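**Student:** Here's a structure for you.
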Amino acid sequence: MKAQSSTPVEHAGLLQRIRYSIFPGTRKEREGYRNFFNTLILHFRPRTVPQRTLQFTLTWGLGGMAFVLVMILIGTGLLLKFVYQPFPDRAYESILHLQNEVLFGQLIRNIHYWSANLVIIVAFLHFLRVYFTGAFHPPRQFNWVIGLGLFSTVFLSNFTGYLLPWDQLAFWAITISTGMLEYVPIVGIWLQRWIQGGAEVGPATLSTFYAIHTAILPAAFIILMPFHFWRVRKAGGLVILRSPKEDENAKGEWVPAIPNLLLREVVVALAATALILLLSVALDAPLQSKANPGLSPNPTKAPWYFMGIQEMLLHFHPLFALFIIPILTVIVLAGLPYLNYQSHISGVWFVSSKARRMARMAVLVALLATPLVVLTDESMGLTRKIPGLPSLISTGVIPFGILVVAVWGFYGHMKRRHRATNTEAVQMIFVLIAVALIVVTLTGIFFRGAGMKLVWP
Amino acid sequence: MKHGSGVIAPKPEQVDRTPSSRRRFLRMLWIGLGVVAIGQVIAVVIAFLRPQKPKDRTTDAGTILEAGHMDKFPLNSVTAFVRGKFYLARLEDGGLLALSRKCTHLGCTVPWVSEKNKFECPCHGSSFDIRGEVVTQPAPRALDCYHVFIENNIVKVDTSKITKRSGFSARDVVYPGKSS
Numbered sequence: 041m042k043a044q045s046s047t048p049v050e051h052a053g054l055l056q057r058i059r060y061s062i063f064p065g066t067r068k069e070r071e072g073y074r075n076f077f078n079t080l081i082l083h084f085r086p087r088t089v090p091q092r093t094l095q096f097t098l099t100w101g102l103g104g105m106a107f108v109l110v111m112i113l114i115g116t117g118l119l120l121k122f123v124y125q126p127f128p129d130r131a132y133e134s135i136l137h138l139q140n141e142v143l144f145g146q147l148i149r150n151i152h153y154w155s156a157n158l159v160i161i162v163a164f165l166h167f168l169r170v171y172f173t174g175a176f177h178p179p180r181q182f183n184w185v186i187g188l189g190l191f192s193t194v195f196l197s198n199f200t201g202y203l204l205p206w207d208q209l210a211f212w213a214i215t216i217s218t219g220m221l222e223y224v225p226i227v228g229i230w231l232q233r234w235i236q237g238g239a240e241v242g243p244a245t246l247s248t249f250y251a252i253h254t255a256i257l258p259a260a261f262i263i264l265m266p267f268h269f270w271r272v273r274k275a276g277g278l279v280i281l282r283s284p285k286e287d288e289n290a291k292g293e294w295v296p297a298i299p300n301l302l303l304r305e306v307v308v309a310l311a312a313t314a315l316i317l318l319l320s321v322a323l324d325a326p327l328q329s330k331a332n333p334g335l336s337p338n339p340t341k342a343p344w345y346f347m348g349i350q351e352m353l354l355h356f357h358p359l360f361a362l363f364i365i366p367i368l369t370v371i372v373l374a375g376l377p378y379l380n381y382q383s384h385i386s387g388v389w390f391v392s393s394k395a396r397r398m399a400r401m402a403v404l405v406a407l408l409a410t411p412l413v414v415l416t417d418e419s420m421g422l423t424r425k426i427p428g429l430p431s432l433i434s435t436g437v438i439p440f441g442i443l444v445v446a447v448w449g450f451y452g453h454m455k456r457r458h459r460a461t462n463t464e465a466v467q468m469i470f471v472l473i474a475v476a477l478i479v480v481t482l483t484g485i486f487f488r489g490a491g492m493k494l495v496w497p
Numbered sequence: 022m023k024h025g026s027g028v029i030a031p032k033p034e035q036v037d038r039t040p041s042s043r044r045r046f047l048r049m050l051w052i053g054l055g056v057v058a059i060g061q062v063i064a065v066v067i068a069f070l071r072p073q074k075p076k077d078r079t080t081d082a083g084t085i086l087e088a089g090h091m092d093k094f095p096l097n098s099v100t101a102f103v104r105g106k107f108y109l110a111r112l113e114d115g116g117l118l119a120l121s122r123k124c125t126h127l128g129c130t131v132p133w134v135s136e137k138n139k140f141e142c143p144c145h146g147s148s149f150d151i152r153g154e155v156v157t158q159p160a161p162r163a164l165d166c167y168h169v170f171i172e173n174n175i176v177k178v179d180t181s182k183i184t185k186r187s188g189f190s191a192r193d194v195v196y197p198g199k200s201s
């Protein structure tokens with residue numbers, strides 16, 4: 041049989057023969073290969089999608105944009121790997137070489153820099169979108185957790201990449217960020233030593249960060265991203281936007297994914313690429329003078345996405361600012377889909393109109409209360425040491441306790457007053473904390489000057 | 022299911038129990054060996070990645086730094102040693118103290134501001150007095166210090182051992198008369 045089928049190959053052209061050598065066998069077997077690829081792709085891409093999930097105001101193209109940015113990052117990162125040298129006495133020089141002598145070197149670095157910063161914002165907005173459309177309820181519970189894993193990977197990639205230019209900005213930001221680890225109880229010093237590869241930021245830190253940044257985290261992306269997308273497909277596609285009265289399972293009309301979905305994705309990808317190119321042409325990635333371990337700049341700030349933590353460090357005992365609060369946040373976020381909700385409402389923006397009102401209230405409260413607390417603490421020193429009490433109590437347990445009680449009281453009060461369901465009340469607290477966190481981060485980025493004093497930008 | 026039937030079946034006949042227990046033993050052996058193998062791999066990875074300690078030196082040349090003659094350090098002065106990453110502080114009573122330049126808050130390098138007579142951290146505004154004690158927070162504890170000793174009026178500092186302390190203690194100060 042096979043011998044017979046191979047006879048026509050003798051007469052085929054060169055290209056044809058090469059094609060047959062890649063996909064050998066009979067016509068039927070070759071179709072088998074195609075089917076195999078098609079089914080593989082079908083694990084991620086549907087053949088048809090509900091027309092209503094194509095609405096731009098459902099996703100805002102955020103997930104797709106994050107994917108495109110990660111792809112750009114992998115591409116530009118590969119290029120940078122050819123020029124960059126991860127040694128303290130050569131790293132900074134290799135960046136200078138990249139910028140000044142390598143053709144398009146500065147552009148590639150800018151693209152990498154801007155994509156990295158933008159992907160944090162895009163991933164954060166995507167995270168908000170998923171939360172506010174209730175796309176974390178069953179069957180999407182676990183995909184929310186995978187998403188958090190991807191979000192952490194984005195954070196860690198940014199953080200490890202921050203050190204690589206080995207300029208003053210990089211060196212001191214990583215010094216104080218890893219310095220924060222010292223306050224983690226019991227394992228802190230040990231953890232710090234492992235991450236720094238020694239007692240201080242030095243050659244070992246650079247090679248550790250380089251290995252994590254260029255091997256481990258990209259591998260994490262390559263594993264987690266398909267997993268994330270496959271789970272979207274397993275959940276039957278995206279949530280369907282609806283008004284609260286509409287049936288959740290009514291999917292409406294289905295249309296072919298090609299070209300309907302593909303076209304929209306390509307548009308988002310092109311728009312994201314164009315934005316990145318514009319930014320990269322207009323604004324250069326920062327590069328200060330070469331790292332000098334003997335000279336700390338004033339003020340020294342952590343990377344912008346960690347400024348919230350650094351700001352909290354000014355108000356809370358380090359154990360709370362650097363350990364208890366971040367750990368609690370991660371646990372609560374990962375646990376969000378598994379809370380006891382009375383109803384699983386997905387596909388409705390902000391759950392219901394009542395929940396919308398409550399969320400608005402939470403935004404208002406957070407916008408007023410957070411700066412107020414920061415200002416009063418700054419001027420009156422609320423969390424300074426109370427004589428006779430250890431600072432762990434006076435600047436840790438007491439203020440954090442007050443905060444928890446205040447949030448809990450707000451939750452109880454609003455829930456009773458509005459006769460709200462769990463879903464509605466939890467969303468309100470989510471909004472409260474998210475806005476407070478954004479305010480605190482912005483305070484750290486823009487309103488902290490020399491000596492970490494409050495200033496007007 | 023499997024487990025349950027395994028318990029019931031061999032009960033009536035003694036003969037069946039022997040191969041089953043041998044099989045069980047071999048299975049446990051395999052599992053045990055597998056666990057040991059995985060443990061070894063993990064141990065190797067951890068040992069490989071562990072931050073390296075500076076090699077034990079037989080000579081003191083690397084860690085003991087000769088600061089100079091006693092008279093080079095006037096009373097109430099601070100001298101920076103870039104190579105050893107410390108400051109040598111001569112207190113008003115003549116005592117010597119080697120202070121780490123690393124801020125105890127988040128690890129920035131603290132410069133000595135002689136006009137204000139204190140160490141001021143540029144990063145987050147902590148400051149320390151000449152004895153390394155915290156003057157303004159957020160620094161949680163006094164500057165770390167190194168061991169100082171004096172041989173033939175030459176001041177030497179052992180940079181291999183760092184002492185963490187909550188506040189100033191007279192024990193860390195070395196006086197010319199006492200040790201020689």
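Order-wise, the sequence lines are chains S and H. For what it's worth, my numbering labels the leading residue of the first sequence as 41, then goes sequentially. For what it's worth, my numbering labels the leading residue of the second sequence as 22, then goes sequentially. The beta-carbon is built from N, C-alpha and C at its ideal position, and this holds for glycine as well. Owing to the predicted nature of the structure, the values given are computational and were not obtained by experimental measurement.
1. When you compare the CB positions of tyrosine 167 of chain H and threonine 157 of chain H, do they come within less than 7 Å of one another, or not?
2. By DSSP, does histidine 168 of chain H sit in helix, in strand, or in coil?
3. Determine the direct distance from the alpha carbon of aspartate 92 of chain H to that of histidine 145 of chain H, and round the result to whole angstroms.
4. Excluding the five sequence neighbours on either side, which residues of its own chain have a C-beta within less than 8 Å of the C-beta of cysteine 126 of chain H, listed in chain order?
5. Going by other Cβ atoms of all chains shown within 10 Å of its Cβ, with 16 needed for buried, is phenylalanine 77 of chain S buried or exposed?
6. Nearest by alpha-carbon distance to methionine 111 of chain S: which of S:Asn300, S:Arg488, S:Ile298, S:Pro258 is it?
7. Going by DSSP, what residue range makes up the beta strand (DSSP E) through isoleucine 280 of chain S?
8. Taking the beta strand (DSSP E) that glutamate 222 of chain S falls in, what are its first and last residues?
9. Could you check where the beta strand (DSSP E) with alanine 309 of chain S kicks off and where it finishes?
10. Closer than 8 Å, Cβ to any Cβ of chain H: which residues of the segment 348-359 of chain S, in chain order?
11. When DSSP labels each residue in this structure, what does serine 98 of chain H get in the three-state scheme?
12. Report the rounded CA-to-CA distance for glutamate 288 of chain S versus glycine 452 of chain S, giving the unit in angstroms.
13. Leaving out the 5 sequence neighbours to the left and right, which residues in its chain are closer than 8 Å to valine 495 of chain S when beta-carbon positions are compared?
14. What residues of chain H sit near asparagine 338 of chain S, judged by a beta carbon separation below 8 Å?
15. Rank S:Arg92, S:His253, S:Leu221, S:Gly436 by C-alpha distance to the C-alpha of leucine 203 of chain S and give the top, closest one.
16. At what residues does the alpha helix (DSSP H) containing tyrosine 73 of chain S begin and finish?
17. How about glycine 237 of chain S and threonine 130 of chain H: are their beta carbons less than 7 Å apart?
18. Tell whether a beta-carbon distance below 7 Å holds between threonine 93 of chain S and isoleucine 385 of chain S.
19. Would you call the segment 174-189 of chain S and the segment 385-394 of chain S in contact, with 3 or more CB pairs under 8 Å?
20. Measure the alpha-carbon distance for leucine 209 of chain S versus isoleucine 161 of chain S and round it to whole angstroms.
21. What residue range is occupied by the uninterrupted alpha helix (DSSP H) comprising glycine 115 of chain S?
22. Grouping DSSP H, G and I as helix and E and B as strand, with all else coil, what is phenylalanine 69 of chain H?
23. Whole angstroms are fine: how far does the CA of leucine 188 of chain S sit from the CA of tyrosine 171 of chain S?
24. Cutting at 6 Å between CB atoms, please list the residues of its own chain near phenylalanine 363 of chain S, excluding the five before and the five after it.
25. Taking Cβ-Cβ distances shorter than 7 Å, what residues in chain H pair up with alanine 244 of chain S?
26. Using a Cβ-Cβ cutoff of less than 6 Å, which residues in the same chain neighbour alanine 322 of chain S once the five nearest sequence positions on both sides are dropped?
27. Exposed or buried, which one is glycine 103 of chain S when buried takes at least 16 other CB atoms within 10 Å?
28. Of the residues S:Ala311, S:Gly65, S:Leu359, which one's Cα is nearest the Cα of serine 434 of chain S?
**Tutor:** Short version:
1. Numbered from 1 along the second sequence, position 146 holds the residue referred to as residue 167 of chain H. Numbered from 1 along the second sequence, position 136 holds the residue referred to as residue 157 of chain H. In this structure, threonine 157 of chain H does not lie closer than 7 Å to tyrosine 167 of chain H by Cβ.
2. Along the second sequence, read from residue 1 onward, the residue named residue 168 of chain H stands at position 147. Look at histidine 168 of chain H here: in three-state DSSP terms it is strand.
3. On the second sequence, residue 145 of chain H is found 124 positions in, with the first residue counted as 1. On the second sequence, residue 92 of chain H is found 71 positions in, with the first residue counted as 1. One C-alpha to the other measures close to 35 Å.
4. Here residue 126 of chain H refers to the residue found at position 105 when the second sequence is read from its first residue. Checking the displayed sequence, the identity of residue 126 of chain H turns out to be histidine instead of cysteine. Same-chain partners within the cutoff: Cys142, Cys144, His145, Ser147, Pro159, Ala160, Pro161.
5. Taking the first sequence and counting its residues from 1, one reaches residue 77 of chain S at position 37. With fewer than 16 Cβ atoms within 10 Å of its Cβ, phenylalanine 77 of chain S is classed as exposed.
6. Against the first sequence, residue 111 of chain S aligns to sequence position 71. Checked all of S:Asn300, S:Arg488, S:Ile298, S:Pro258; the closest Cα to methionine 111 of chain S is S:Pro258.
7. For this step, residue 280 of chain S is matched to residue 240 along the first sequence. Neither: isoleucine 280 of chain S is in no beta strand (DSSP E) and is coded neither H nor E.
8. The residue labelled residue 222 of chain S in the question sits at position 182 within the first sequence. Counting along the chain, glutamate 222 of chain S falls outside any beta strand (DSSP E), and DSSP gives it neither H nor E.
9. As a position in the first sequence, residue 309 of chain S is number 269, starting the count at 1. No beta strand (DSSP E) contains alanine 309 of chain S, which is instead part of the alpha helix (DSSP H) from 297-322.
10. So the close ones are Leu353, Leu354, Pro358.
11. Counted from its first residue, the second sequence places residue 98 of chain H at position 77. Secondary structure of serine 98 of chain H (DSSP, three-state): strand.
12. Here residue 288 of chain S corresponds to residue number 248 of the first sequence, with the count starting at 1. Here residue 452 of chain S corresponds to residue number 412 of the first sequence, with the count starting at 1. Between glutamate 288 of chain S and glycine 452 of chain S, the C-alpha separation is close to 29 Å.
13. Locating residue 495 of chain S in the first sequence gives position 455, where the first residue counts as 1. Counting only residues of its own chain and dropping the five nearest sequence neighbours on each side, valine 495 of chain S has a CB closer than 8 Å to the CB of Phe487, Arg488, Gly489.
14. Position 298 of the first sequence holds residue 338 of chain S. Residues of chain H with a Cβ closer than 8 Å to the Cβ of asparagine 338 of chain S are, in chain order, Pro143, Cys144.
15. Start at 1 with the first residue of the first sequence, and residue 203 of chain S comes out as number 163. Nearest neighbour of leucine 203 of chain S by Cα position, chosen from S:Arg92, S:His253, S:Leu221, S:Gly436, turns out to be S:His253.
16. Within the first sequence, residue 73 of chain S is the residue found at index 33, counting from 1. DSSP places tyrosine 73 of chain S inside the alpha helix (DSSP H), whose first and last residues are 67-82.
17. Position 197 of the first sequence holds residue 237 of chain S. Position 109 of the second sequence holds residue 130 of chain H. Taking 7 Å as the Cβ cut-off, glycine 237 of chain S and threonine 130 of chain H do not qualify as a contacting pair.
18. Locating residue 93 of chain S in the first sequence gives position 53, counting from the first residue. Locating residue 385 of chain S in the first sequence gives position 345, counting from the first residue. For threonine 93 of chain S and isoleucine 385 of chain S, no; Cβs fall outside 7 Å.
19. In short, these stretches touch, since the Cβ pair count reaches three.
20. For this step, residue 209 of chain S is matched to residue 169 along the first sequence. For this step, residue 161 of chain S is matched to residue 121 along the first sequence. Rounded to the nearest angstrom, the two C-alpha atoms are 21 Å apart.
21. As a working mapping, residue 115 of chain S is identified with position 75 in the first sequence. Here the alpha helix (DSSP H) through glycine 115 of chain S covers 102-121.
22. Indexing the second sequence from 1 puts residue 69 of chain H at position 48. The DSSP-derived three-state label of phenylalanine 69 of chain H is helix.
23. As a first step, residue 171 of chain S is located in the first sequence; it is residue number 131 there, counting from the start. As a first step, residue 188 of chain S is located in the first sequence; it is residue number 148 there, counting from the start. Taking the straight line from one Cα to the other gives about 12 Å.
24. Counting from one through the first sequence, the residue named residue 363 of chain S turns up at place 323. The residues are Val224.
25. Taking the first residue of the first sequence as position 1, residue 244 of chain S is located at position 204. Under the 7 Å cutoff, chain H gives Pro72.
26. What you label residue 322 of chain S is simply residue 282 of the first sequence in a count that begins at 1. Counting only residues of its own chain and dropping the five nearest sequence neighbours on each side, alanine 322 of chain S has no CB closer than 6 Å to any other CB.
27. Along the first sequence, read from residue 1 onward, the residue named residue 103 of chain S stands at position 63. Looking at its Cβ environment, which holds 16 or more other Cβ atoms inside 10 Å, glycine 103 of chain S is buried.
28. Numbered from 1 along the first sequence, position 394 holds the residue referred to as residue 434 of chain S. Per the Cα distances, S:Leu359.
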